[in-house]
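What follows is a short report on a single structure.
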Amino acid sequence: MARFFRPALPWLALIGLAAGALIALLVVFPLGLTIYRMFFGEGQLGLTGWNQMLQEPGLGNTLLNTMVFVGASGLIALSIGAVFAWLSERTDAGLGWASDVVSLVPLLLPSLAGTVGWVFLMAPKTGYINIILRYLTGSEEIEGPFNIFSMPGMIFVAAMYLVPYAYLTLSAALRNLDASLEEASRVSGGGIFRTFFQISMPAVTPALISAIVLILMAGLGLFSIPAVLGTKPETKVLSYLMYVVVEREYPPRIAEAIVLSMVALSVIQVALLAQWFFTGRRFQTVGARGLARANIPLGIWRMPARVLMLMYVAGAAILPLLALILVSLQQYWTPNINWASLSLSNYAYIFFEKPIVVAALQNSLELGFAVAVSGMAVATVLSYYISRKPGLMTRIVDNVAMLPATIPHIIMGIAFLVAFTAKPFSLYGTTTLLFLAYLAVYMPQAMQSSKFAFSQVSPELMEASRVFGAGEFKSFVRIMMPLILPSTIAGMLILAVLTMAETNASVILAKVNNPVVGPTLFILWYDGLVPPVAAFAVVICAINGLIALASMYIGRTLSRGR
Amino acid sequence: MSAPAPGGNVPAVSVRNVRKVFRSQGSTVAALDDLSIDVFPGELVVLLGPSGCGKTTLLRSIAGLEIPDSGEITINQSVVFSSTPKRMVLPEARNVSMVFQSYALWPHFSVFDNVAYPLRARGVPNGEVAGQVEQALETVSCLHLKDRYPHQLSGGQQQRIALARAIVARQGVILFDEPLSNVDAKVRERLRIELVLLQRKLGFAAVYVTHDQTEAMIVGDRVAVLDRGRIVQIGTPAQIYDEPVTHYVADFIGAANFVPGTVKGPEGSGLVVETAIGLARCPVPAWPCSSGQKVEVFFRPEHCHIAATLDGDVNRWRCSVDAKVNMGPNREYILHAGGHRLLAWTTSSASALDVPELDLHVPAAKIRLLPVSEAEQPAGSEPS
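Chains A and B, in that order, are what the protein sequence lines are. Residue 220 in our numbering is what sits at position 196 of the first sequence, and the numbering runs on without skipping anything. Residue 247 in our numbering is what sits at position 174 of the second sequence, and the numbering runs on without skipping anything.
Given below as structure tokens:
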């Protein structure tokens, strides 16, 4: 009956070790090799990268642009995301299940597609919104008033794409906040605004900080938006510069790209350090007893709040999608809509005359599914292992798994190119290469989802299972797995959609043999095939939307069956 | 110091010299400091103390959810933890049940499946599960709830289900981790009584953690008062209440008056102590004490007699009245004398007591002397 003392749980240790080894292979190996190549690559030793970077014309300007671009769009996104999270989780202005869709909308509309949609809306001459505004004001100008190909235009589109990072993080934290905190504020005479700024937001400070860090990482990695809107020297930002030196220059200046990425990396590291410093205290976990859900009445502010949220949905998704649909039905990209000539010919074109499009779609779908399932599986095992065996070893594994979050995808793409296309792997131009790269790139996202899932389950529930006679493995299967399932599925949904929309690493790794949707869309855009790009973008949105809706439905059904 | 052990002489749970140190940010806190305790079959032992006294760590160590640094723990004569030789039985192999503070009902299981879990986990044949589950639910009068889910239950109902889950596998030892701290007062009173009746009826041994001294007195066969990882006193509720051995215990249980003083010498069969409020006469304490020693005079408010004027001069002190509080069955007089605050309870509501100064008398037999030592003065531990 009595068992002898054992240092650890073997099955757990073994699986944890396996997952850790996988992470090492996917993260440490390619990055390590790339950094090694930076100094000792291809027979040349030295600081080539630094020299090339310092000779880059307008480098200071590029860095300044990056700060303005990321800072402004991040700040706007954080404000919008925080307000929306609070409105939908804590007040009666919530739009029910529509709130959840709000947060996912920009994910469903890949940033490249959305950006192209906004080009159709706000291109200085031909943008639909500009034309309507010129007509309404009786202006004689042939351009304006808006120009999407500008720094404000880039910030505007980027902000909409960064909102979900703030929204998802904060709404999760706010959902678990005891309603009495805010009620106490209201009863004590605190108005809606005082309650928001002095009670709700401080109470979720850890989430707020992690939202800021997430936004910073995502903002520095944003590539599609500058690549479409900011190609002129005066609006060039770091992420676009990296792409240019790798893909648009011959020979590619990979050493310079690595040095550039180190600049971005150091900024992110400082932010991570700050986050680690500020979130020393533990997150509040949900007890086994349910807390009352908050429902603050907003009074006269309720309608404006709802209108604001709907405006965001319109801006981030509906308007660009409508623009894409409209252009996709035209023969040529023209602001003069000839309703009689609208047709589905562009769809027929991409499906029947562009085999690369069909191949890209199929590849992306398969990859999205594979990355979602295996990514969450690995992340679940890893984060459980980390939570059960705190110590130096697990801290290292955790940090290594989170490392890709601090590395622009484009660099991960280069690292994979360096590490896995040579022998013994020889994965050049294969979907396996893309699969491994996506797995590495989205591991932090998967880890965050699974850690959140675990944080939602009170430790007493597992302890109770142990005391009542079930071993650790059995307790995990019977108690933990069902309880983390809804959050895990939500995590898979995000992974799948992100994978489908991935462009930055794909641009480096996808070749003619293994096309995926992001780079393919990009190639068509640079080839000037504007209406087919619109059609392709609409198809991608439809697929992403269907996946998201299906997964959300599954998630909801499971969590309701309690 | 220890009470006679009821119900047999082989302990159901035996904890020997257990030590557990928590380290956080450079400093170490001894949660369990060389602690020993026995719990006998059919007995309910309460671990009482303020938060941080180590009571929950002790309970979790018995359950196997916490691993002590050293010592030995035996459950039903089988060693479940020992530092030398090394042995650590995992929680699932310990044959104890537990009621958790948050109840820890699994939200994805129905009431029936929650209660059936301990049976299924231990491989009870499927045919027998339903009968035993229904019997356990019947015992806590919740059979009608068996198809519900935890979130559809009130706090009191959840508590009953947690209890049913703890008794269903008939483990013989049940651990209670502040089980009533999450229900409201009325329900708590009722559940408390039900729990005591159930424990008497089923005869399991129980270790019960609480910080609520009233609850400890009601449910405990014996009460162990903990302070900084050690048991300060263990005994029946009456012993703990009437014969506290330290200021800490006296202060933690019930209301108390303390007046510091110096032993003057023996008088008759008792002692005389000189205090700021006057001379106090009391029985000789069980611990050694000599003339000139600093001591503390302790008595309870309900043992005070008050009147505008009293006859006799043994333990009669003149006090000023600061306030009168109606406590329901009693009136509480908040008094002061010799610079010390004193509380006195009386059932009388006579207007004769509405005077600015009163005579206070405590029978010598009701006064206890407590030792004064620096170590015994707990810093900042406030009983609730």
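For glycine and all other residues, C-beta sits at the position ideal for the given N, C-alpha and C. Just so we're clear, the structure is a prediction, and the values are computed from it rather than from any experiment.
Check, Outcome
"CB contact below 8 Å: Phe173(B) versus chain A", "yes"
"Spatial neighbours of Leu533(A) in its chain, beta-carbon cut-off 8 Å, leaving aside the 5 residues before and after", "Gly437, Phe440, Leu441, Leu457, Leu458 and Ala461"
"Close Cβ partners of Val481(A) (< 7 Å) along its chain, the five nearest in sequence each way excluded", "Met504, Leu507 and Ile508"
"Burial state of Met400(B), where buried means 16 or more other Cβ atoms lie within 10 Å", "exposed"
"Contacting residues, own chain, Cβ-Cβ under 8 Å from Gln386(A) (five flanking each side not counted)", "none"
"Closest Cα partner of Ala323(A) within the set Glu167(A), Ile100(A) and Ile216(A)", "According to the sequence displayed, residue 323(A) carries Gly and not Ala. Considering only alpha carbons, the answer is Ile216(A)."
"Neighbour flag for Pro444(B) against chain A, beta carbons, 8 Å", "no"
"Asn90(B) at chain A interface by Cβ criterion, 8 Å", "no"
"Near-chain B residues of the stretch 498-515 of chain A - C-beta to any C-beta below 9 Å", "Lys498, Ser499, Arg502, Ile503, Pro506, Leu507 and Leu509"
"Residue burial classification, Asp324(B) (beta-carbon count within 10 angstroms, cutoff 16)", "buried"
"For Gly327(B), three-class secondary structure by DSSP", "coil"
"Bridge-paired residues (DSSP) for Lys397(B)", "Tyr406(B)"
"Burial state of Pro141(B), where buried means 16 or more other Cβ atoms lie within 10 Å", "buried"
"C-beta contact flag for Asn168(B) and Ala85(B) at 8 Å", "no"
"Contained alpha helix (DSSP H) runs [length at least 4] in the stretch 183-232 of chain B, N- to C-terminal order", "184-194 and 199-212"
"Proximal residues to Ser155(B) (C-beta, below 6 Å), its chain only, five neighbours per side dropped", "Glu145"
"Assigned exposure category for Ile379(B) - 16 Cβ within 10 Å defines buried", "buried"
"Ile380(A) in three-state terms, based on DSSP", "helix"
"Interface flag, Tyr190(B) vs chain A, CB-CB below 8 Å", "yes"
"Residue burial classification, Trp549(A) (beta-carbon count within 10 angstroms, cutoff 16)", "buried"
"Touch test, the stretch 507-527 of chain A against the stretch 464-481 of chain A, Cβ-Cβ under 8 Å, three pairs minimum", "yes"
"Burial state of Gln355(A), where buried means 16 or more other Cβ atoms lie within 10 Å", "exposed"
"Selection of the stretch 464-495 of chain A by Cβ proximity to chain B, strictly under 8 Å", "Ser482, Glu484, Leu485, Glu487, Ala488, Ser489, Arg490, Val491, Phe492, Gly493, Ala494 and Gly495"
"Inter-stretch contact at 8 Å, needing at least 3 Cβ pairs: the stretch 519-531 of chain A / the stretch 112-119 of chain A", "no"
"CB contact check: Ala437(B) to chain A, cutoff 8 Å", "no"
"Met154(A) vs Gly168(A) beta-carbon contact at 8 Å", "Note that residue 154(A) corresponds to Asn in the displayed sequence, not to Met. Contact: yes."
"Proximity winner among Glu258(A), Ser285(A), Thr259(A) and Leu366(A), relative to Val270(A) (alpha-carbon distances)", "Ser285(A)"
"C-beta neighbour in chain A for Arg195(B), strict 8 Å", "yes"
"Neighbour flag for Ala203(B) against chain A, beta carbons, 8 Å", "no"
"First through last residue of the alpha helix (DSSP H) which encompasses Leu415(B)", "Leu415(B) -> not in any alpha helix (DSSP H); beta strand (DSSP E) instead, spanning His413 to Thr419."
"C-beta contact flag for Pro134(A) and Ile564(A) at 8 Å", "yes"
"Classification of Tyr60(A) by the beta-carbon crowding that lies within 10 angstroms, buried from 16 upward", "exposed"
"Local conformation of Leu383(B) per DSSP, three classes", "coil"
"Alpha-carbon spacing of Phe546(A) relative to Tyr408(A), whole angstroms", "39 Å"
"Where the beta strand (DSSP E) through Tyr281(B) begins and ends", "Ala278 to Thr283"
"Three-state secondary structure (DSSP) of Glu145(B)", "strand"
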